[in-house]
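What follows is a short report on a single structure.
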Amino acid sequence: MDYRTWRHAFKLDPAKSVTDEQLERIAESGTDGLIVGGTDHVTLENVLDLLARIRRYSVPVALEVSTVDSVTPGFDYYFIPTVLNSTKAEWINGIHHAALREYGHMMNWDEILTEGYCIMNPECKAAELTGVSAIPDEDDVIAYARMAEHLFHMPVFYLEYSGTFGDPDVVRSVSRILESTKLFYGGGIKNAGQARQMAAYAHTVIVGNVLYENLDAALETVEAVKKTPHEG
Ligand code: 1GP
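Note that our numbering has the sequence shown beginning at 8, numbered continuously upward.
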């Protein structure tokens, strides 16, 4: 299933453990896709292990690349984040350039896409790593969304509230100005109600940490998102 039609995705952290039984429930939950990605301790070994276990199921799977060393063939998609509000060039184009120098000649561009990230929670690990210290206000976010869509022609704009539930008004404002770039929302969704709120505005709602805290609640977000009409 084409990522552009995903309404719901789970993000699995290769550095965290899930049992086979839990993984089966996640993969067969009806979610549209699984995204393998994390900030710390992502290694080729733990990515390969998770990929092999996910491949027992038919759900599409994307690797969200955070380190070049952990990239391996076998995923349906490779999501390449570039942090639009980072203050460190390495997270905007630096690591990307190093990766393309090394592997550019052998990349399958059909399965690779760029996510224009806007990090909204300065407390999260990704913010610390990428040098995001100020929270963008709504006008900032709109400008980043327009930058992603109209200046850089990115297929995805990712509003990343990782670990904290975002402001639905900001998500709505962004959804209103995006035309063809897809809006991914991720951050702090812990139950069906929160998933529903963001599903009204985001094309794709991404649920991460609650998988490891309350699997039953996480699984309920799938139906909640799918039953919510997108207002865009
Ligand atoms: C993290 O956007 C995802 O990159 C999901 O966030 O872990 O807070 O659900 P949570």
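We put the beta carbon where it would ideally sit given N, CA and C, even for glycine. Keep in mind it's a predicted model, so treat the numbers as computed, not measured.
Distance between ASN53 and PRO21, taken at the CA atoms: about 5 Å.
In the structure shown, LEU58 falls within a helical segment according to DSSP collapsed to helix, strand and coil. Distance check between HIS48 and each of TYR84, LYS132, GLY40 places LYS132 closest, using alpha-carbon atoms only. At least one heavy atom of the ligand 1GP lies closer than 7 Å to the C-beta of ASN216. Apart from sequence neighbours up to five positions away, the residues of its chain that approach SER36 with a beta-carbon distance below 8 Å are PHE17, LEU226, VAL229, ordered along the chain. Contact between THR121 and THR89 holds: their C-beta atoms lie close to 6 Å from each other, under 8 Å.
Distance from the C-beta of ILE102 to the nearest heavy atom of the ligand 1GP is not below 7 Å.
Setting aside the 5 residues that flank it on each side, LEU57 is surrounded in the same chain by PRO21, VAL43, each with a C-beta closer than 6 Å to its C-beta; the list follows chain order.
By the 16-neighbour rule on beta-carbons within 10 angstroms, ILE196 is buried. Counted as a single uninterrupted DSSP element, the beta strand (DSSP E) harbouring GLU122 occupies residues 119 to 126. Here the alpha carbons of ASN115 and LEU70 stand approximately 14 Å from one another.
Comparing alpha-carbon positions, the option among PHE191, ASN216, GLY215, VAL217 lying closest to MET205 turns out to be PHE191.
Counting C-beta atoms within 10 angstroms of its own C-beta, SER169 has 16 or more neighbours from the protein chains shown and is therefore classed as buried. In summary, GLY123 is buried, with 16 or more beta-carbon neighbours lying within 10 Å of its beta-carbon over all protein chains present.
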